[in-house]
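For reference, the structure is listed below as C-alpha coordinates.
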Amino acid sequence: SSSRQALEQARAAAEELEDLKAVAKGLEEENGELRRQARHMEKEQRSLCLRAEGLQEELLAEGQGLREQIQAQMARVADLEVSAGVGHSGLPVGQCR
(Lines of atoms letter the chains of each structure in order from A and count residues from 1; the text may use other names and numbers.)
(Lines give C-alpha, C1' and ligand atoms only; values in the text may rest on other atoms or scores of the structure.)
Protein backbone atom coordinates (compact mmCIF):
# COMPACT_ATOMS: atom_id res chain seq x y z
CA SER A 1 0.00 0.00 0.00
CA SER A 2 0.97 3.62 -0.37
CA SER A 3 1.33 4.14 3.41
CA ARG A 4 3.82 1.25 3.63
CA GLN A 5 5.71 2.70 0.65
CA ALA A 6 5.77 6.14 2.30
CA LEU A 7 7.02 4.54 5.54
CA GLU A 8 9.85 2.72 3.70
CA GLN A 9 10.80 5.95 1.91
CA ALA A 10 10.83 7.79 5.25
CA ARG A 11 12.98 5.03 6.82
CA ALA A 12 15.38 5.12 3.84
CA ALA A 13 15.58 8.93 4.08
CA ALA A 14 16.25 8.70 7.84
CA GLU A 15 19.06 6.16 7.24
CA GLU A 16 20.55 8.37 4.54
CA LEU A 17 20.38 11.35 6.92
CA GLU A 18 22.23 9.33 9.62
CA ASP A 19 24.88 8.34 7.04
CA LEU A 20 25.29 11.99 6.02
CA LYS A 21 25.57 13.03 9.67
CA ALA A 22 28.33 10.44 10.18
CA VAL A 23 30.16 11.69 7.06
CA ALA A 24 29.79 15.31 8.24
CA LYS A 25 31.16 14.38 11.70
CA GLY A 26 34.13 12.62 10.10
CA LEU A 27 34.83 15.65 7.92
CA GLU A 28 34.62 17.98 10.95
CA GLU A 29 37.14 15.81 12.82
CA GLU A 30 39.45 15.74 9.79
CA ASN A 31 39.10 19.52 9.44
CA GLY A 32 39.98 19.99 13.11
CA GLU A 33 43.07 17.79 12.74
CA LEU A 34 44.16 19.72 9.62
CA ARG A 35 43.71 23.01 11.48
CA ARG A 36 45.85 21.70 14.36
CA GLN A 37 48.54 20.61 11.89
CA ALA A 38 48.41 24.01 10.15
CA ARG A 39 48.84 25.83 13.49
CA HIS A 40 51.77 23.56 14.38
CA MET A 41 53.42 24.17 10.99
CA GLU A 42 52.94 27.95 11.31
CA LYS A 43 54.57 27.85 14.74
CA GLU A 44 57.43 25.73 13.37
CA GLN A 45 57.85 28.11 10.42
CA ARG A 46 58.05 31.13 12.76
CA SER A 47 60.67 29.30 14.82
CA LEU A 48 62.71 28.46 11.70
CA CYS A 49 62.48 32.06 10.46
CA LEU A 50 63.77 33.37 13.80
CA ARG A 51 66.58 30.83 13.73
CA ALA A 52 67.49 31.79 10.15
CA GLU A 53 67.53 35.48 11.10
CA GLY A 54 69.78 34.70 14.07
CA LEU A 55 72.18 32.72 11.87
CA GLN A 56 72.20 35.51 9.29
CA GLU A 57 73.11 38.05 11.99
CA GLU A 58 75.87 35.72 13.23
CA LEU A 59 77.28 35.42 9.70
CA LEU A 60 77.18 39.18 9.16
CA ALA A 61 78.97 39.76 12.47
CA GLU A 62 81.52 37.05 11.64
CA GLY A 63 82.08 38.58 8.19
CA GLN A 64 82.57 42.02 9.73
CA GLY A 65 85.05 40.55 12.21
CA LEU A 66 86.99 38.87 9.40
CA ARG A 67 87.07 42.11 7.39
CA GLU A 68 88.48 43.92 10.43
CA GLN A 69 91.10 41.20 10.93
CA ILE A 70 92.12 41.40 7.25
CA GLN A 71 92.41 45.19 7.44
CA ALA A 72 94.53 44.89 10.60
CA GLN A 73 96.79 42.31 8.90
CA MET A 74 97.12 44.53 5.82
CA ALA A 75 98.06 47.48 8.04
CA ARG A 76 100.69 45.31 9.78
CA VAL A 77 102.12 44.19 6.41
CA ALA A 78 102.23 47.82 5.23
CA ASP A 79 104.04 48.81 8.45
CA LEU A 80 106.54 46.00 8.00
CA GLU A 81 107.13 46.99 4.36
CA VAL A 82 107.70 50.61 5.37
CA SER A 83 110.07 49.67 8.22
CA ALA A 84 111.92 47.28 5.87
CA GLY A 85 112.01 49.97 3.18
CA VAL A 86 110.16 47.80 0.66
CA GLY A 87 107.20 48.99 -1.45
CA HIS A 88 104.36 46.90 -2.88
CA SER A 89 106.46 46.28 -6.00
CA GLY A 90 109.00 44.43 -3.92
CA LEU A 91 111.66 47.00 -4.82
CA PRO A 92 113.28 49.27 -2.26
CA VAL A 93 111.22 52.44 -1.78
CA GLY A 94 112.28 55.26 -4.11
CA GLN A 95 113.95 53.09 -6.76
CA CYS A 96 112.73 52.84 -10.37
CA ARG A 97 112.42 49.63 -12.32
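Here the sequence shown stands for residues 1275 to 1371, where the numbers follow my numbering. All residues carry an ideal CB built from backbone N, CA and C; glycine is no exception.
The DSSP-derived three-state label of G1337 is helix. For S1275, the three-state secondary structure derived from DSSP is coil. G1359 sits in coil when the DSSP states are folded into three classes, being neither helix nor strand. Residue ranges of uninterrupted alpha helix (DSSP H) with 4 or more members are absent from the segment 1276 to 1301; none lies entirely inside it. Here the C-alpha atom of E1303 lies approximately 10 Å from the C-alpha atom of R1309.
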